[in-house]
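>
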Amino acid sequence: MPADHSPPETSAPPEGALPVAKAGSLPPGMRDRRARLMRLIGTYGTIIVLAAMLVIFSILQPGTFATIGNFRNIINDMAIGTIVAAGLTVPLVAGDFDLSIGYVASFCGLLAVGLLSFSGLSIPLAILLVIGLGTLIGIVNGIVVSKIGVNAFIATLGTGTIVVGLNYAYSGGIPLQLTQSREFTKIAIGRIAGVPHLVIIMAVVLIVLWVILNRTVQGQHIKAIGVSPESARRAGVAVDRSRIVAFAIASTCAAIGGVLMASNLGSGQVTAGDGFMLTSFSAAFLGSAALREGQFHIVGTLIGVLT
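Take any residue in the sequence shown, note its place counting from 1, add 224, and you have its number in my numbering.
1. Under the rule that 16 or more other beta-carbon atoms within 10 Å means buried, what is D322, buried or exposed?
2. Taking C-beta to C-beta, are I304 and G481 nearer than 8 Å?
3. Could you check what DSSP says for L400 in three-state terms: helix, strand or coil?
4. Within a Cβ cutoff of 7 Å, which residues of the same chain sit near F214, ignoring the five residues on either side of it in sequence?
5. Reducing DSSP to helix, strand and coil, say where S491 ends up.
6. Between the C-alpha atoms of A486 and L349, what's the straight-line distance to the nearest angstrom?
7. Which residues bound the alpha helix (DSSP H) around F331?
8. For P420, which residues in the same chain have their Cβ closer than 6 Å to its Cβ, ignoring the five residues on either side in sequence?
9. Whole angstroms are fine: how far does the CA of N488 sit from the CA of L510?
10. Can you look up V419 in the DSSP assignment and give me helix, strand or coil?
11. Should R467 be labelled buried (16 or more other beta-carbon atoms within 10 Å of its own) or exposed?
12. Using the beta-carbon count (16 or more within 10 Å), is T440 buried or exposed?
13. With contact counted as at least three CB pairs below 8 Å, one residue from each stretch, are the stretch 367–385 and the stretch 457–472 in contact?
14. So what's A427 in DSSP terms, helix, strand or just coil?
15. Using only the alpha-carbon positions, how far apart do R415 and A514 sit?
16. Among L352, V314 and V483, which has the Cα closest to the Cα of T409?
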């Protein structure tokens, strides 16, 4: 007789018996809990790591690390970088890059020292002129990107190169020492009620940028452009103007960072702010994974700087 190749019949489980899970599978409830845990780690992982680091170092060095003075010094040291990184976050929200921020910070810091030392300008006027120049550089970036259509990566890299040239042409490639207006240094090293000026300025900048992005029409337009420029344009958003505003904010914050850096050092260094570009991008991208996965936002950038 021919061999029977039909699959063997499987007997149904007895009535009332519990179903047996397949090998390697998890019950639905456990799968849901694991999925929620993975989402939690993905959203708050950076914060969890930061909190764990604080706890560990506080236990290991309770007398030196876990003190108000130490935390104040840590925040003070990161204040300038946070201001620059927060400014960079705005064009990133709009889907653009700005590679010129570090060079703008260097040039504005050097120019502030030069104006105070050699032109006889008052401190407020010199600071306003320098920050205004930073804003103007950002506007130029925005126009080149939005109106002319040059890729933001190429446009801001080109602008940064021009700024470097201006920096060396103005300083001759050597640091400028602050010879007059020594009160300028008190901007960075002074305190109000025990709180460093840098921390106060950082907090003000962060709050202002958060309000702009989350509580103003302009901020909503910038966010809409980051999602889809064409959809935003069809919805009536002034895309070009909003991109120019985003670049102007980034360069303004870079200029503020440069001025504060010069005040802190008491001199203008030719390349003092160049490193802000890498650290700012790192903080912004690291922060984009915190709280809102894949979205750039001010609070996330602050967390990125802290970590």
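Just so it is clear, CB atoms sit at the ideal spot from N, CA and C, and this is done for glycine as well.
If we stick to the structure as given:
1. Per the 10 Å Cβ criterion, buried.
2. yes
3. strand
4. The chain is shown from 225 up to 531; residue 214 falls before or after that span and cannot be answered.
5. strand
6. 16 Å
7. I325 to F342
8. N300
9. 27 Å
10. strand
11. buried
12. exposed
13. yes
14. Correct three-state label for A427: helix.
15. 31 Å
16. V483
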